[in-house]
Amino acid sequence: GKNRYDSISYPQSGFSIDGDKLWLSKIGDIKFKLHRPIEGFVKRLTICRSATKKWYASFLVEESIDHVIEPSDRVVGIDVGITNFAVLSNGEFIENPRFLLADEGKLKKAQSKRDKLPKGSQERKKATKSVNHLYERIANRREDFAQQLSHMLVTSYGIICFEDLNIKNMTQNHNLAKSILDASWNKLVQYTSYKAVEAGRKVVLVNPLNTSQMCSCCGQIVKKDLSVRVHSCPYCGLSMDRDLNAAKNILRLGLQSVAKA
């Protein structure tokens, strides 16, 4: 929500790192812990405070050419979904971690406890902190999942094809809205896209029209609603998971788009 994070950015001249100490202009030395080694030239630092009053340091780095990954002629189409977070055109299924669903019971209990306490009381402030901590944990897990998966895609494939999904319009379907937002597909596409630029890869977004209905083998339209999980083509006899069929269509459309460019 609004004001959940307070942040301040420092240019190169405003900070320095010495072992486990971070020097900040006008503040001085602060002890800190690196969660991963810093590789490359640090250009900017952002310090932010979360809703649970924890402070985080985020470094913007410029990597040298030595860190550019090897070229790849491998290509992949990716269908994102709710049953599976993503299905790749090579047949790999990536399970949906459903981070919000996993903590929803704890979250509702914490919110209910908070709402029963008098406004402005110390008890309510403490309960609010517990709610914020749960939201923060969910957000951190989503972030980490998207970062890891996008890294895997960019290091493995030269061309990565997604559907160009309008997440905002899709969430107007209230039966699916919570699951769609929980899945955080937009994070995956966003992170994969910027990592692809850095690595010399290509991300292609294709029109999602009929990617689930079209047969990836013969091109005929085979109508089916969301409850039908298997694509069975009466024209050519192809039978496969509907999301895998869609991923293969996404790859074909993506490669067609690249060929035309």
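Just so it is clear: in the sequence shown, position 88 is 88 by UniProt numbering, and no numbers are missing. Where a beta carbon is used, it is the ideal one built from N, C-alpha and C, also for glycine.
- Task: Indicate, with yes or no, if the ligand HEM has a heavy atom lying under 6 Å from the CB of ILE78.
- Result: Only the bare structure without any ligand can be found here, which leaves the ligand HEM out of the picture.
- Return the residue from the list ARG36, VAL42, PRO37 and SER7 that minimises the CA-CA distance to PHE15. VAL42
- Message: Can you find the residues in the same chain that come closer than 6 Å, C-beta to C-beta, to ALA86, ignoring five residues on each side of it along the sequence?
- Response: ILE78, VAL80 and ILE94
- Task: Determine the DSSP secondary structure at THR46, reduced to helix, strand or coil.
- Result: strand
- Mark LEU211 as exposed unless 16 or more other C-beta atoms lie within 10 angstroms of its C-beta, in which case mark it buried. Sequence inspection shows Thr at residue 211; the Leu mentioned does not correspond to that position. It is buried - the Cβ of THR211 has at least 16 other Cβ atoms within 10 Å.
- What is the DSSP secondary structure of ALA57, reduced to helix, strand or coil? In the three-state DSSP reduction, ALA57 falls in the strand class (E or B).
- Message: Helix, strand or coil for LYS195? Go by DSSP, reduced to three states.
- Response: helix
- Enumerate in chain order the residues of its own chain whose CB-to-CB distance from GLY158 is below 8 Å, with the five nearest sequence positions on each side excluded. PRO71, SER72, ASP73, ARG74, VAL75, ARG201 and LYS202
- Task: Indicate whether residue 296 and PHE162 have their beta-carbon atoms separated by less than 7 Å.
- Result: Residue 296 lies beyond the residue range present for the chain, which begins at 1 and ends at 261; the question has no answer from this structure.
- Best match in GLU136, TYR135 and ALA110 for proximity to residue 262 [C-alpha to C-alpha]: Lying outside 1 to 261, the shown extent of the chain, residue 262 is not represented and no answer is given.
- If you drop the 5 nearest sequence neighbours on each side, which residues of the same chain put their C-beta closer than 8 Å to that of ILE17? TRP23, ILE38 and VAL42
- For HIS35, the three-state DSSP class (helix, strand or coil): coil
- Do SER89 and LYS248 have their C-beta atoms within less than 7 Å of each other? yes
- Query: Run through DSSP, which three-state label would GLU136 get?
  - Reply: helix
- Query: Among residues of its own chain, excluding the 5 on either side of LYS168, which ones have a beta-carbon nearer than 8 Å to its beta-carbon?
  - Reply: Interpretation of LYS168 is limited by its pLDDT of 47, a score under 50 that renders its predicted location unreliable; no figure is taken from the coordinates.
- Task: Would you check if the distance between the CB atom of VAL61 and the CB atom of GLY40 is smaller than 7 Å?
- Result: yes
- Query: Using DSSP with H/G/I as helix, E/B as strand and the rest coil, what is VAL189?
  - Reply: helix
- Per DSSP, what kind of secondary structure is GLU95 in: helix, strand or coil? Of the three classes helix, strand and coil, the one that applies to GLU95 here is strand, per DSSP.
- Task: Would you check if the stretch 230 to 248 and the stretch 184 to 199 touch, i.e. whether three or more CB-CB distances between them fall below 8 Å?
- Result: With the cut-off at 8 Å, the stretch 184 to 199 and the stretch 230 to 248 do not touch.
- Which first and last residues belong to the alpha helix (DSSP H) in which ASP20 is found? Under the DSSP assignment, ASP20 falls outside any alpha helix (DSSP H); it carries neither an H nor an E label.
- Item | Three-state secondary structure assigned by DSSP to LYS224 | DSSP, reduced to helix, strand and coil, places LYS224 outside both helices and strands of the structure shown, so it counts as coil.
- Could you tell me which residues DSSP pairs with CYS161 in its beta bridges? In DSSP, CYS161 forms a bridge with GLY77 and VAL204.
- Message: Quick test of your reading: SER184 and ARG137, contact by CB under 8 Å. State the CB separation rounded to the nearest angstrom.
- Response: Their Cβ separation, rounded to whole angstroms, is 14 Å, which puts SER184 and ARG137 out of contact at 8 Å.
- Task: Assign GLY105 to buried or exposed, taking buried as 16 or more other Cβ atoms, counted over all protein chains shown, within 10 Å of its Cβ.
- Result: When all chains shown are included, GLY105 counts as exposed.
- Item | Close-in-space but distant-in-sequence residues of the same chain around ALA246 (CB under 6 Å, 5 per side omitted) | Only ASP79, THR211 and SER212 meet the Cβ criterion.
- Under the rule that 16 or more other beta-carbon atoms within 10 Å means buried, what is GLN256, buried or exposed? It counts as exposed.
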